[in-house]
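For the sequence shown, my numbering gives the first residue as 4, with consecutive numbering after it.
Note that the Cβ used here is the ideal one computed from N, Cα and C, for glycine as well.
Single-structure report; data block below.
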Amino acid sequence: MPADKIIDPNLAAKAYTSSMNVGGKAGNAAEDDGGVSFSDLLRGSLENTVDKLRKGEEMSAKAVTGEADVNDVVQAVTQAELALQTVVAMRDRLVSAYQDIMRMPI
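See the structure below:
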């Protein structure tokens with residue numbers, strides 16, 4: 004079985020327990036446990052990606068004017084490309100998960 008398909012039983016039990024609190028604090032379960040909410044995690048990831056893309060653009064502009072070293076430009080552009088690929092992969096996984104949920108019988 005692939006490593007990304009293995010589910011930790013403790014996490015599954017915790018998710019089940021938190022789903023039992025549908026009427027009360029289920030929406031705030033991550034904050035109550037001292038964890039980071041999914042929306043905060045996603046927001047931080049997107050802000051980080053945007054920062055890397057902007058840095059890549061700035062370094063490319065500096066390279067055109069001769070103000071930046073080629074190695075720095077390549078590194079910034081590579082980091083921006085990797086960050087963008089990560090966001091696209093996250094989007095694809097979210098869409099796939101949403102489609103799987105919508106296909107579930109009620």
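May I have the straight-line CA-CA distance separating Glu84 from Arg57, to the nearest angstrom?
11 Å
If we ignore side chains and look at the alpha-carbon of each, how far apart do Asp75 and Met62 end up?
7 Å
Considering only C-alpha positions, which residue in the set Gln102, Val91, Ala92 and Lys65 is nearest to Tyr80?
Checking the sequence shown, residue 80 turns out to be Val, not Tyr. With distances taken between Cα atoms, Val80 lies closest to Lys65.
CA-to-CA distance, Asp103 to Glu132, given in whole angstroms:
Because the chain spans 4 through 109 in this model, residue 132 falls outside it and cannot be assessed.
For Glu70, the first and last residue of its enclosing alpha helix (DSSP H):
From DSSP, Glu70 is part of no alpha helix (DSSP H); its letter is neither H nor E.
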